[in-house]
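Protein chains in written order, with the working numbering: chain B, 131 to 318; chain Y, 131 to 318.
Ideal placement from N, C-alpha and C gives every residue a C-beta, glycine not left out.
This one's a predicted model, so the numbers in the text were calculated from it and none came from an experiment.
What follows is a short report on a single structure.
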DNA sequence: CTCGTTAGGAACCGCTTGGTCCCTAATGAA
DNA sequence: TTCATTAGGGACCAAGCGGTTCCTAACGAG
């Protein structure tokens, strides 16, 4: 046929995700993006449509790589206490300082890009569902409706935690807070 | 002396705040900014240093105009239930869709601008203090430490609420959630 | 009225932006 | 070996960026 591609698409997207995640969409210009992806303009525009479409692909990549993993981690958690399963959401990740890509995308890009808005909401929804599963399995609270409500509250806390973290707001220890929220310890 | 200024500085900053708040820093270019402020390039650079310094001034303006008002509203609230005082934080404001300027700034600008990071944290801190005052006055929970913790949780919920709102995440009714959080109704 | 001073505003600046073009290199099928 | 096809990569592009310059207009002090 013809000359084969010299780079791995998935690996390039991974590099793009890294820099979009860290810097946001507008702050990442083509030179930076190309460097992060490890390719030159020619290869980029041969393989992809444009900067915006790659941004969306990085969201999908984040979904497959991070969200799916997190959901699996939550749903597969065997700890007795729900708070122990949910704590990882409130500790600094290895990518700490980046914040959460979903949160960044929601604030920076979603308002002017319906596809991104939909995608971020979809990912958030899946996280919420996973959180609810954690609560359901352990029979937290008194009803499914209450657990759904609680899952939504925890989801909002998570995004608040991520948003505030980007300004350097000091990370408290959230384990006690979660326990209290889930009524796993008697409120003193 | 000399020719007097034809526009009102504070009013111009107010227009700038409006557009920075709605669109963010990078997405707002000079033509848009000038239109929002109601002046031309010449007047702009006579009166202000540059785009970035005006952005910071809009943060200060937001502080004086919105944060201060909100803090006063919280601290002056006479309702018996804390949740009734805090509910306004979780309803759509007239500027709904803009999100919260502090949250936007934390996510978009703070990571690469220490002055902005500090300013946003300061405003968040003042909101937190006001929330704690609301809780203290009504003796929510069992200790000052617990109320401080709860105030921080509510603050995080608020930012999560604002961040997610920017993607169009549907606004639930938060009054019941707040009541539950503050243990104003017996957990069923 | 005169004149020094400052605001207003348009033209202009160098630079960066995202994206295209086009030539060359590398490949596999015939 | 030949050749059609596609990747790689640098040069190039128009448009937009934030910011400056400079001329004119409008004022107030004298």
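For the pair residue 132 of chain B and residue 169 of chain B, the CB atoms are not nearer than the 8 angstroms cut-off. Residue 185 of chain Y is outside the set of residues whose beta carbon lies under 8 angstroms from a beta carbon in chain B. For residue 301 of chain Y against residue 295 of chain Y, the beta-carbon gap comes to about 7 angstroms, under 8 angstroms, which counts as contact. Here the stretch 266-279 of chain B makes no contact with the stretch 192-207 of chain Y; the two share fewer than three CB pairs at distances below 8 angstroms. Around the beta carbon of residue 179 of chain Y, fewer than 16 other beta carbons sit within 10 angstroms, so the residue counts as exposed.
Counting along the chain, the unbroken alpha helix (DSSP H) around residue 279 of chain Y starts and ends at 274-295. For the pair residue 273 of chain Y and residue 187 of chain Y, the Cα-to-Cα distance works out to about 38 angstroms. For residue 291 of chain B, the closest alpha carbon among the candidates Y:282, Y:250, Y:235 is that of Y:282. Listed by position along chain Y, the residues whose Cβ is nearer than 7 angstroms to that of residue 234 of chain B are 237.
Only those residues of the stretch 276-289 of chain B whose C-beta falls short of 8 angstroms from the nearest C-beta of chain Y are listed: 276, 279, 282, 283, 285, 286, 287, 288, 289. Every alpha helix (DSSP H) of 4 residues or more that sits fully in the stretch 193-223 of chain B is shown, in chain order, as 198-205, 212-216.
The stretch 225-233 of chain Y makes no contact with the stretch 163-177 of chain Y: fewer than 3 CB pairs, one atom from each, lie closer than 8 angstroms. Residue 158 of chain B sits in coil when the DSSP states are folded into three classes, being neither helix nor strand. Just measuring C-alpha positions, the residue of Y:279, Y:200, Y:163, Y:256 sitting nearest residue 220 of chain Y is Y:200.
Any Cβ of chain B closer than 8 angstroms to the Cβ of residue 240 of chain Y would place that residue at the interface, and such an atom is present. Under the DSSP assignment, residue 267 of chain B falls in the alpha helix (DSSP H) whose first and last residues are 244-267.
By the rule that beta-carbons nearer than 8 angstroms mark a contact, residue 259 of chain B does not touch chain Y. Of the candidates Y:259, Y:299, Y:237, Y:243, the residue whose Cα lies closest to the Cα of residue 244 of chain B is Y:299.
Closest in C-alpha terms to residue 192 of chain Y, from the list Y:212, Y:246, Y:242, Y:165, comes Y:246.
Residue 151 of chain B: member of the alpha helix (DSSP H) spanning 139-153, first to last residue. Residue burial is scored here from C-beta neighbours: residue 227 of chain Y has fewer than 16 other C-beta atoms within 10 angstroms and is therefore classed as exposed.
The closest CA to that of residue 198 of chain B, considering only B:262, B:257, B:293, is found on B:257.
CA-CA distance, residue 236 of chain Y to residue 146 of chain Y, rounds to 18 angstroms. Taking 8 angstroms as the CB threshold, residue 229 of chain Y lines the interface with chain B.
Relative to the Cα of residue 249 of chain B, the nearest Cα in the group B:189, B:278, B:306 belongs to B:189. The beta-carbon of residue 166 of chain B is placed no less than 8 angstroms from the nearest beta-carbon of chain Y. The beta carbon of residue 183 of chain B sits closer than 7 angstroms to none of the beta carbons in its chain outside the five residues before and after it.
Rounded to whole angstroms, residue 181 of chain B and residue 166 of chain B show a C-alpha spacing of 13 angstroms.
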